[in-house]
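Novice: Numbering (the working numbering), first residue to last: 3 to 366. Even glycine gets a Cβ: it sits at the ideal position worked out from N, Cα and C. What follows is a single structure, and I will ask about it in a moment.
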């Protein structure tokens, strides 16, 4: 597959359209960009009940554009700029608010490019990586109704999707996030869709059960991926192969963005080993050892904090320079999102994630 998205949309859901017509004799110089209807929100702001009156803002922008210059012009020879702006004002719908929302996790690589490839009708909410993502989603939807589609863009594995410091699974849906999902259900329309773009979320029986349960608890139709989502050159695609119900929403990012974006929404992207000399080597998990003969090296697996069932072994063979051949694990603390080192134990957010052996001079 070459990352080509199979259309999964049918005619758009009912959205009221009303027209605001501008006087033809007005000379308008305001930028078309002032009528851009897309807004990007911070989920943390939504959680503190900061309200944005989109209708009022757009109305004021339109009125300002119309009244910016009252000099009369000939109706028979309007400028191209004026024609385009007047058309934009005519198409402006003052009563319309976004009914599709994309929730984007900040750990997604180059998420800025994905956002740039989304349609102007999509409301974008950036999740706070230091807080629980499901709680943020529920808070941002509090008091909303008539939402037709939710797009979740984050890293996934079979039956799991990472959202901030939280992880959505079958167990957490019926336990920790039961109230959040009930609140989300209240915000959705009767024909709402939830599209989960994380890699492998719907893979296997566990994944299918998770997708089905998500639909049952929210009342939404669900589309999710059974394989890698993302760059075709790395084996990914943007097909959401599993459909629970009739999916009407379109893929949230444009086709060009699907082709150009380099990354995977996976929890198992191979880490990169880089030396000071500028060399870069791809290391496939389970493959043979990568030998670094000189310089320092950084080992990173930044795509996910989920280390379940995974191992990373770094060994320093005998015969080296003990003063220079050092494995350093930097101690940050035991708080949320922090790596901690105590004795031979490594923790993340206070939870043990690994151990190490050998002489330990001090936690760095």
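So what's residue 134 in DSSP terms, helix, strand or just coil?
Specialist: Counted from its first residue, the chain shown places residue 134 at position 132. DSSP places residue 134 in strand when its eight states are reduced to three.
Novice: Can you name, in chain order, every residue of its own chain whose Cβ lies under 6 Å from the Cβ of residue 2, other than the five neighbours on each side?
Specialist: The first residue shown for the chain is 3 and the last is 366, placing residue 2 beyond what the model contains.
Novice: Apart from the five residues on each side of it in sequence, which residues of its chain come closer than 6 Å, Cβ to Cβ, to residue 152?
Specialist: As a working note, residue 152 is residue 150 in the chain shown. For residue 152, where only same-chain residues beyond five positions count, the Cβ hits under 6 Å are 103, 196.
Novice: Counting only the same chain and skipping the five closest in sequence on each side, list residues whose C-beta sits under 6 Å from that of residue 212.
Specialist: As a first step, residue 212 is located in the chain shown; it is residue number 210 there, counting from the start. Its chain contains 161, 172 as the residues whose beta carbon lies nearer than 6 Å to that of residue 212, once the 5 sequence neighbours on both sides are disregarded; these appear in chain order.
Novice: So, is residue 243 buried or exposed, given that buried needs 16 or more other C-beta atoms within 10 angstroms?
Specialist: To locate residue 243, count along the chain shown from 1; it is residue 241. With fewer than 16 Cβ atoms within 10 Å of its Cβ, residue 243 is classed as exposed.
Novice: Could you tell me whether the Cβ atoms of residue 227 and residue 265 are closer together than 8 Å?
Specialist: Residue mapping note: residue 227 aligns to position 225 of the chain shown, counting from 1. Residue mapping note: residue 265 aligns to position 263 of the chain shown, counting from 1. Against a cut-off of 8 Å, the Cβ pair of residue 265 and residue 227 comes out as no contact.
Novice: For residue 254, which of helix, strand or coil comes out of DSSP?
Specialist: Here residue 254 refers to the residue found at position 252 when the chain shown is read from its first residue. Coil.
Novice: On a Cα-Cα basis, can you pick out the residue from 115, 108, 101 that is closest to residue 124?
Specialist: The sequence position of residue 124 within the chain shown is 122, counting from 1. The shortest C-alpha separation from residue 124 is found at 101.
Novice: Would the beta-carbon of residue 202 fall within 8 Å of that of residue 158?
Specialist: Taking the chain shown and counting its residues from 1, one reaches residue 202 at position 200. Taking the chain shown and counting its residues from 1, one reaches residue 158 at position 156. In this structure, residue 158 lies closer than 8 Å to residue 202 by Cβ.
Novice: Which ranges does the beta strand (DSSP E) cover as unbroken runs of at least 3 residues, wholly within the stretch 136 to 182, from first to last along the chain?
Specialist: 149 to 155, 162 to 165, 168 to 170
Novice: For residue 148, collect the residues of the same chain with a Cβ closer than 7 Å to its Cβ; drop the 5 residues on either side in sequence, then sort them by chain order.
Specialist: Taking the first residue of the chain shown as position 1, residue 148 is located at position 146. 101, 191.
Novice: Extract the residue ranges of the beta strand (DSSP E) inside the stretch 192 to 237, only unbroken runs of 3 or more that lie entirely within it.
Specialist: 223 to 226
Novice: Can the beta-carbon of residue 120 be found less than 8 Å from the beta-carbon of residue 255?
Specialist: Within the chain shown, numbered from 1, the residue matching residue 120 stands at position 118. Within the chain shown, numbered from 1, the residue matching residue 255 stands at position 253. The answer is yes: Cβ separation under 8 Å.
Novice: CA-CA distance, residue 334 and residue 348?
Specialist: Reading the chain shown from its first residue, position 332 is the one you call residue 334. Reading the chain shown from its first residue, position 346 is the one you call residue 348. Each residue's Cα considered, the two are about 11 Å apart.
Novice: Secondary structure at residue 188, three-state DSSP: helix, strand or coil?
Specialist: Numbered from its first residue, the chain shown carries residue 188 at position 186. Under the three-state reduction of DSSP output, residue 188 falls in the helix class.
Novice: Classify residue 345: buried if its beta carbon has 16 or more other beta carbons within 10 angstroms, exposed otherwise.
Specialist: In the chain shown, the residue the question calls residue 345 occupies position 343. Per the 10 Å Cβ criterion, exposed.
Novice: Please state whether the Cβ-Cβ distance between residue 220 and residue 246 is less than 8 Å.
Specialist: Here the question's residue 220 lines up with position 218 in the chain shown. Here the question's residue 246 lines up with position 244 in the chain shown. No, these two residues do not count as a Cβ contact at 8 Å.
Novice: DSSP state of residue 117, grouped into three classes?
Specialist: One-based indexing of the chain shown puts residue 117 at position 115. If DSSP states are grouped into helix, strand and coil, residue 117 belongs with the helices.
Novice: Evaluate residue 133 with the Cβ neighbour count: other Cβ atoms within 10 Å of its Cβ, from every protein chain shown; 16 or more gives buried, anything less gives exposed.
Specialist: Here residue 133 is taken as the residue at index 131 of the chain shown, counted from 1. So residue 133 counts as buried.
Novice: In angstroms with no decimal places, state the Cα-to-Cα distance between residue 351 and residue 214.
Specialist: Counting from one through the chain shown, the residue named residue 351 turns up at place 349. Counting from one through the chain shown, the residue named residue 214 turns up at place 212. A straight line joining the alpha-carbon of residue 351 with that of residue 214 spans about 31 Å.
Novice: For my contact list, residue 174 and residue 107 are in at a C-beta cut-off of 8 Å; report their separation, rounded to the angstrom.
Specialist: Numbered from 1 along the chain shown, position 172 holds the residue referred to as residue 174. Numbered from 1 along the chain shown, position 105 holds the residue referred to as residue 107. Not confirmed; about 16 Å, so no contact.
Novice: Can you tell me which of 145, 188, 138, 257 puts its alpha carbon nearest to the alpha carbon of residue 170?
Specialist: Taking the first residue of the chain shown as 1, we reach residue 170 at position 168. The residue with the shortest Cα to Cα distance from residue 170 is 138.
Novice: Taking only the alpha-carbon atoms, compute the straight-line gap between residue 277 and residue 250 and give it to the nearest angstrom.
Specialist: Here residue 277 refers to the residue found at position 275 of the chain shown. Here residue 250 refers to the residue found at position 248 of the chain shown. At residue 277 the pLDDT is 46, less than 50, meaning the model places this residue with poor confidence; the figure from the coordinates comes in the next sentence. In this structure, the CA atom of residue 277 is about 48 Å from the CA atom of residue 250.
Novice: Helix, strand or coil: how does DSSP classify residue 127 here?
Specialist: As a first step, residue 127 must be located in the chain shown, where it is residue number 125. It is a strand residue.
Novice: With DSSP as the reference, identify every bridge partner of residue 103, one or two as the case may be.
Specialist: For this step, residue 103 is matched to residue 101 along the chain shown. BP columns for residue 103 point to 125, 152.
Novice: So who's on the other strand from residue 245, going by DSSP bridges?
Specialist: Mapped onto the chain shown, residue 245 falls at position 243. According to DSSP, which records beta bridges pairwise, residue 245 is partnered with 225.
Novice: For residue 113, which residues in the same chain have their Cβ closer than 7 Å to its Cβ, ignoring the five residues on either side in sequence?
Specialist: As a position in the chain shown, residue 113 is number 111, starting the count at 1. Shown here for residue 113: same chain residues with a beta carbon closer than 7 Å to its own, the five before and five after excluded, namely 106 in chain order.
Novice: Using the rule of at least 16 other Cβ atoms within 10 Å of the residue's Cβ for burial, across every protein chain shown, is residue 338 buried or exposed?
Specialist: Position 336 of the chain shown holds residue 338. So residue 338 ends up on the exposed side.
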